[in-house]
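Below you'll find the structure, written out as structure tokens, and then a few comments.
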Amino acid sequence: MIQKADSVTTPPAIRVCCDMPGFIADWRRCDHLSNFLAEALNLIKADPFAFANMLSTVINEVLETIFYHNAGRGSLTLALSEEDAVTVLRAEFAVDDSDRSLYERIVTTLAAHDPVALYEQLLFQVSSVDTRDICLYEIAADYGARLTLENGSQPGLICLVVRISLNNCLKTEAENN
Amino acid sequence: MSAHPHITFDEQRQELILAGTWLPRDSAATFTARNIMNSAASSVRGMLYINCKRLLRINSPAFSALLDMLCWIEENRSDLHVKIIVSSAIPWAEKRFRVVIQMLGKNFSVEQYDKQFYPGQAAVEDASFIPVLQTQAKIIWEQERHILPRHGLTPQMKVADICCGIGSFAMQVARHFAPKTVVGVDHAQPALAYARHLAHEFCLSSLEFIYGDATNLLLADNRFDFVACRLALQIFDKPENILRELVRICRPGGRVYLINETYSRCFGYPSAEAIAWTYQEASGLYGALSMDLEFGPKMRCYMTEAGLKNIQVEPLMLTSCNTNGADFADVIRSWEAYAINQLAKNAGKDEAYCQRLREGFAAHVRSVTHEKGFGGWPIWAASGCKPG
Ligand SMILES: C[S@@+](CC[C@H](N)C(=O)[O-])C[C@H]1O[C@@H](n2cnc3c(N)ncnc32)[C@H](O)[C@@H]1O
């Protein structure tokens, strides 16, 4: 399921690199980093509050997943950019085999099924699903995020790529109908 | 039961209030929250409200705790209805709740409380209101700029303009008072789009325009030195709810500044009677939408009750002597168009009535443009200090 990295990649608007043991030492770093990234990108937006609120919600779900499923070593590199009207988060980090297969499974399953139906099914399988694994399904179902995996820049790393159209998310219900 | 930073239960209103950024690390960290929610779910009768108007962010463990409560209610309390109240200013909320609510039964619903939340909203948030605000802004500022220092506005302040409309005041403050920042908030998307467009065009970078509800601001306590709210308490049916928020976001020692009208007292000579009739009627047409365009003199009372001190009130009288006559006439024509095309039509008034309204507006235009005439528009400016 791992795809080749795009041959022409738009340079990231913001890139943050931190050491993974440092990141997982404190739960609140998920919140701090997601806020920081969202606010930095949204300085240029028409309604910075709404964009940052939406984007930090999505990034936080991704970071919480990484917080729980990583090899506990190496570094975490986050790159946030805009490609056409789509916001793209690339998260690169080291994983063990079991975590790699978890990400692969999530991405493959999401690609093959309706994300909303999948998410609902998981959500109502009371207690059999760990809430920590549901985050990525949630952002796909609720906000239309598209997830893919790319090879990392070095062996042993993976790059989780999340694409989301914030403009669509911020449209009102009436505009969407 | 222990207190929780993000969840409180208001027993009297049968309302669970969720607020702030609630990001528990895991399910175990939602223990206290679950206790509060469970005791609410088992004790209420008829209807349980879940108020998420100020729930800024939430993560999966928190959402799952909430969902467990909803599922418990579905299984065990078929007598209970649940209404989840979200704000359109917090974009994720409606989407996230909507998906799960569809799975739960008909006893569960999600409502964006601010879709239709005050009687005059549709009229004011319509793009047709923009020309009225544009023409007014120009003539008010010429008088208002001189009184602002008396109400405490000085350079390097953090300024908020709540119910900013098309942002004209925020932009003028940015140009003339060298503020650190100016944040404008309004609930009318067309007006905000216009405000952002102008701020961008004029390269005014210390400005930010945010969509939101003035009665539930998502801005932190004590954040601003000067909090303005102009010509807005008079159009919202519960002005005290906006005022409470203005005071909350103002820092102790800072000032809350308001302007409001006595619209029925617009005056002019000649044809004073025709003018008086028209404005009395027009004020009544706004009144039918629960707007109180006579709010000006009531400000002192409301501000005192809101806990403000050292309250100053003064007239901000626009007349044909202190204001350019042609600009004043444009304002009156914009009022006329709005009163006839929007208000009188909606109120089902007949042509004779509209004609009489027009005559009064036309007489007012004459009074402010003719060299021997005299006309005016009474506005009142007030400010009060938030005690330290
Ligand atoms: C008469 S206009 C005045 C606009 C601006 N302050 C000015 O002086 O030009 C009133 C504004 O208040 C806004 N408004 C009324 N109630 C509001 C609320 N609860 N939250 C946010 N905005 C509100 C309306 O959308 C409208 O733009």
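Chains A and B, in that order, are what the protein sequence lines are.
So the first sequence is numbered by our numbering: it starts at 2 and just counts up by one.
So the second sequence is numbered by our numbering: it starts at -14 and just counts up by one.
C-beta atoms are modelled at their ideal positions from N, C-alpha and C, and glycine is treated no differently.
- Segment contact: the stretch 36 to 51 of chain B against the stretch 8 to 28 of chain B, three or more CB-CB distances shorter than 8 Å; contact assigned.
- Interface annotation for the stretch -10 to 24 of chain B against chain A: T6, L8, R10, D11, S12, criterion Cβ-Cβ distance under 8 Å.
- Shortest gap from the CB of I317 (chain B) to any heavy atom of ligand 1: 7 Å or more.
- Only residues of its own chain outside the window of five on either side were considered, and among them Q219 have a CB closer than 7 Å to the CB of D277 (chain B), listed in chain order.
- Straight across, the Cα-Cα distance linking A176 (chain B) with L118 (chain B) is about 9 Å.
- In terms of beta-carbon proximity, S153 (chain B) stays away from the interface with chain A, with every pair separated by 8 Å or more.
- Remark: the C-beta of R215 (chain B) is in contact range of ligand 1, defined as less than 7 Å to any heavy atom.
- DSSP places M22 (chain B) outside any beta strand (DSSP E); the residue lies instead in the alpha helix (DSSP H), whose first and last residues are 16 to 28.
- Proximity to C235 (chain B) across B:R160, B:F209, B:R250 peaks at B:F209, based on C-alpha coordinates.
- Residue environment for H161 (chain B): exposed (fewer than 16 other C-beta atoms within 10 angstroms of its C-beta).
- Closest by C-alpha distance to A112 (chain A), out of A:D32, A:Y138, A:D85, is A:Y138.
- For the pair A108 (chain B) and G152 (chain B), the CB atoms are not nearer than the 8 Å cut-off.
- Collapsing the DSSP output to three states places Q141 (chain B) in coil.
- Neighbours of F24 (chain A) across chain B, judged by C-beta separation under 9 Å, do not exist; the nearest C-beta is about 14 Å away.
- Between E193 (chain B) and chain A, the shortest Cβ-Cβ separation is below 8 Å.
- Within the same chain, R240, K294, N295 come within 6 Å of C370 (chain B) by CB-CB distance, once the 5 residues on both sides are set aside.
- By the neighbour-count criterion, in which 16 or more other beta carbons inside 10 Å mark a residue as buried, M156 (chain B) falls on the buried side.
- Taking 8 Å as the cut-off, the beta carbon of L301 (chain B) is found no closer than this to the beta carbon of I260 (chain B).
- For the stretch 108 to 129 of chain A, the set of residues with a beta-carbon nearer than 8 Å to any beta-carbon of chain B comprises V117, Y120, E121, L124, F125, V127, in chain order.
- If you draw a straight line from the Cα of E299 (chain B) to the Cα of G137 (chain B), it comes to about 14 Å.
- For M88 (chain B), the chain A residues whose Cβ falls inside 9 Å of its Cβ are E121, L124, F125, in order along the chain.
- About 16 Å separates the CB atoms of I69 (chain B) and L41 (chain B); that is not less than 8 Å, and the two are not in contact.
- Going by C-alpha positions, V316 (chain B) is about 40 Å away from A78 (chain B).
- Taking non-hydrogen atoms of ligand 1 into account, the C-beta of F211 (chain B) is found less than 7 Å away from none of them.
- In the structure shown, F102 (chain B) adopts coil according to DSSP, grouped into three states.
- Annotation for C149 (chain B) indicates a beta carbon within 7 Å of some heavy atom of ligand 1.
- Counting the other Cβ atoms within 10 Å of the Cβ of H(-9) (chain B) gives 16 or more, which makes it buried.
- In the structure shown, the three-state DSSP call for A176 (chain B) is helix.
- With contacts defined by Cβ atoms closer than 8 Å, P237 (chain B) and N201 (chain B) do not form a contacting pair.
- Note that the C-beta distance between A367 (chain B) and M284 (chain B) is below 8 Å.
- Within the stretch 255 to 322 of chain B, the complete beta strand (DSSP E) segments at least 3 residues long are 294 to 304, listed from N- to C-terminus.
- In the three-state reduction of the DSSP assignment, P237 (chain B) falls in the strand class, which pools E and B.
- Membership of G153 (chain A) in any beta strand (DSSP E) is not indicated, and neither H nor E is assigned to it by DSSP.
- Taken through DSSP and simplified to helix, strand or coil, E93 (chain A) comes out as strand.
- For I75 (chain B), at least one C-beta of chain A is nearer than 8 Å to its own C-beta.
- Contact annotation, I159 (chain A) with V89 (chain A): C-beta distance approximately 16 Å; criterion of less than 8 Å not satisfied.
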